[in-house]
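Heads up, the thing below is written out as structure tokens.
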Amino acid sequence: MDKIVGTVAKPPKARRDDDLTDRLSSRYTVMILIVFAIAISLTQWVGKPIYCWVPKHFTGSWTKYANSFCWVNNTYYLPFHEYIPRENEDRHRITYYQWIPWILLSQAFFFWIPSALWHGFNSKAGIDSDDILQAACTLQSTKLADKREARIQLLGTQIDRFLRNRLPTKDAGCCGKGGSGCGGRRMSCYLVVLYLLSKVAYLVNAIAQLFVLGSLLNTDYENFGPDYYKIYHPNQTHSGEFINSIVFPRVTMCDFRVRLLGNVQRYTVQCALPLNLYLEKMYLFFWFWLIFLAAATGVDLVIWFVRTLVPQDRRNFVRNHLNAGNFIDRLDDGTRLSQFVDQYLRQDGAFILRMIAHNTNTITTADITGCLWDDWKEAGLNEVRIERDADGGGDDDERDPVFSDGRHPEPDSDVTPSLPDTPPSESDEKKPIPVS
């Protein structure tokens with residue numbers, strides 16, 4: 001039993017495979033909406049959400065009945081300068097306030113969906129990006145040099161295995177084996193495409209909720225902020241009339257019937273809804289919050305599109321971190337760096353490094369990038385040696401060494417063609433050894 005209670009009471013682990021803009025929607029907005037829903041629920045279930053002014057001859061039970069009936073059967077707004085409508089006349093009924101807690105929870109659910117889709121599908125790519133980022137954050141706080149180096153190598157190995165699993169094969173067409181090169185989980189931009197789709201979902205959700213709330217509240221909620229400012233401006237003579245009459249009325253009317261001694265008596269009572277005072281301020285804040293979320297998510301989406309579609313931006317990002325860790329010198333020209341970014345890291349690898357940079361500092365990102373850089377160069381040299389040994393010597397040994405993909409090593413590379421093993425001549429053996 002204690003384990004069950006501990007599991008339920010334990011807060012969920014905060015994930016790190018997203019950026020601040022994503023957390024504003026998936027984490028902080030959800031928390032705000034849940035707090036609002038709890039506060040409104042307590043007001044409805046613990047306090048008295050409605051107070052109706054009943055005739056003097058109503059007893060205590062009659063008053064409770066009138067309050068309960070008007071709460072569950074909706075009320076309608078009627079300005080004081082208008083007459084009470086007749087039984088069959090149309091009324092502007094207020095139908096939302098009983099369902100506000102559920103509306104708020106539904107809003108929170110829709111803000112959580114893009115995060116759930118992103119976290120659910122990115123683990124299918126062959127690497128758990130959240131585990132990588134958690135390990136990177138642990139690396140950031142590691143002070144001992146030996147432990148830090150071991151964790152850097154472990155992270156580099158995990159990322160390297162993921163990237164090499166997505167390297168194109170020689171017999172793969174434009175879409176790779178089984179069509180996975182462009183549209184499958186083995187494609188080089190699977191994580192990037194999935195992440196961009198989640199950001200599009202965040203943006204669509206924020207904009208859509210402005211219009212959906214307008215439909216639920218029976219008003220133009222997308223213009224709620226400017227309308228509120230105009231109505232409550234000190235220079236306005238009709239201060240509060242629009243908001244009070246249409247969106248969140250404090251005073252409403254309620255019609256109900258009571259059967260007395262075989263006769264049906266119709267009553268119209270005036271009711272106060274103190275709950276609407278809090279709802280007005282709550283949804284005013286949330287209007288500004290939605291506008292802020294939509295703007296921030298839109299700008300962030302454009303930035304990520306540029307990072308994805310502009311290869312030079314990826315190269316500059318990697319070059320800056322290699323320079324920060326002194327892993328690249330002047331002898332390394334742009335060709336080798338372009339091969340490292342475009343042929344090895346590609347879009348998903350650069351994306352993982354960017355997420356590490358978002359969640360850690362420059363030193364940690366530079367160390368991990370440098371580890372991948374060194375492993376990539378070492379792997380290229382090993383491929384050269386394997387190809388040389390497979391050629392079996394002869395005239396082929398004098399050829400320039402090449403990588404498995406046809407690349408030639410740069411002039412500053414440590415790769416040198418090995419000389420054939422020839423026995424020393426007799427003249428060389430007879431040469432005296434100079435004595436200093």
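In the UniProt record's numbering, the protein residues as written are 1 to 436. C-beta atoms are modelled at their ideal positions from N, C-alpha and C, and glycine is treated no differently.
Range covered by the beta strand (DSSP E) that runs through residue i
i      : result
Cys271 : Asn263 to Ala272
Cys52  : Tyr51 to Trp53
Pair within 9 angstroms by beta-carbon distance, residue i and residue j
i           : j      : result
Asp348      : Leu163 : yes
Ser26       : Ser115 : yes
Pro49       : Leu284 : no
Phe340      : Trp376 : yes
Thr95       : Met253 : no
Asp22       : Tyr202 : yes
Arg257      : Leu277 : no
residue 440 : Ala37  : What is shown of the chain runs 1 to 436, which leaves residue 440 out entirely.
Phe351      : Val192 : yes
residue 440 : Arg315 : In the structure as shown, the chain starts at 1 and stops at 436, and residue 440 therefore has no counterpart that could be examined.
Phe288      : Gly225 : yes
Ala135      : Arg148 : no
His358      : Asp19  : yes
Cys52       : Ala39  : no
residue 439 : Thr360 : Limits of the chain in this structure are 1 at one end and 436 at the other, which puts residue 439 out of reach.
Leu217      : Leu290 : no
Ile356      : Leu194 : no
Ile363      : Gly156 : no
Gln98       : Ile127 : no
Val72       : Trp62  : no
Leu78       : Leu196 : no
Buried versus exposed, by CB contacts within 10 Å (16 or more), residue i
i      : result
Met31  : exposed
His81  : exposed
Gly240 : Note on Gly240: pLDDT 49, under 50, position unreliable in the model; the coordinate value appears next. The residue is exposed, with fewer than 16 neighbouring Cβ atoms inside 10 Å.
Ser68  : exposed
Gln107 : buried
Gly262 : exposed
Tyr83  : exposed
Asn122 : buried
Asn323 : exposed
Glu280 : buried
Lys124 : exposed
Ala101 : For the record, residue 101 in the displayed sequence is Pro; it is not Ala. Pro101 should be labelled buried.
Glu198 : At residue 198 the sequence reads Ser, which differs from the Glu that was named. It is buried - the Cβ of Ser198 has at least 16 other Cβ atoms within 10 Å.
Ala295 : exposed
Leu144 : exposed
Gly60  : exposed
His321 : buried
Limits of the alpha helix (DSSP H) - the one that residue i falls within
i      : result
Phe317 : Pro311 to Ala324
Lys147 : Ala145 to Arg164
Gly120 : Ile100 to Asn122
Backbone secondary structure at residue i - three-state DSSP
i      : result
Phe248 : coil
Phe256 : strand
Thr138 : helix
Tyr76  : strand
Lys56  : coil
Asp342 : helix
Thr219 : coil
Tyr278 : helix
Arg27  : helix
Asn359 : helix
Val48  : At residue 48 the sequence reads Lys, which differs from the Val that was named. Of the three classes helix, strand and coil, the one that applies to Lys48 here is coil, per DSSP.
Arg15  : coil
Cys371 : helix
Ile84  : coil
Gly126 : coil
Ser41  : helix
Ser188 : coil
Ile328 : coil
Asp227 : helix
Pro411 : Low confidence applies to Pro411: its pLDDT is 46, below 50, so where it sits in the model is not reliable enough to give any reading.
Leu20  : helix
Phe242 : With a pLDDT of 48 at Phe242, under the threshold of 50, the modelled position of this residue cannot be trusted, and the question is left open.
Asp131 : helix
Identity of the residues DSSP links to residue i by a beta bridge
i     : result
Ile94 : Thr75
Cβ of residue i within 9 angstroms of any chain C Cβ
i      : result
Arg266 : Here there is only one protein chain, and chain C is not present.
Residue i beta carbon near the ligand MN (any heavy atom closer than 8 angstroms)
i     : result
Val46 : As far as ligands go, the structure on display features none, and thus does not contain the ligand MN.
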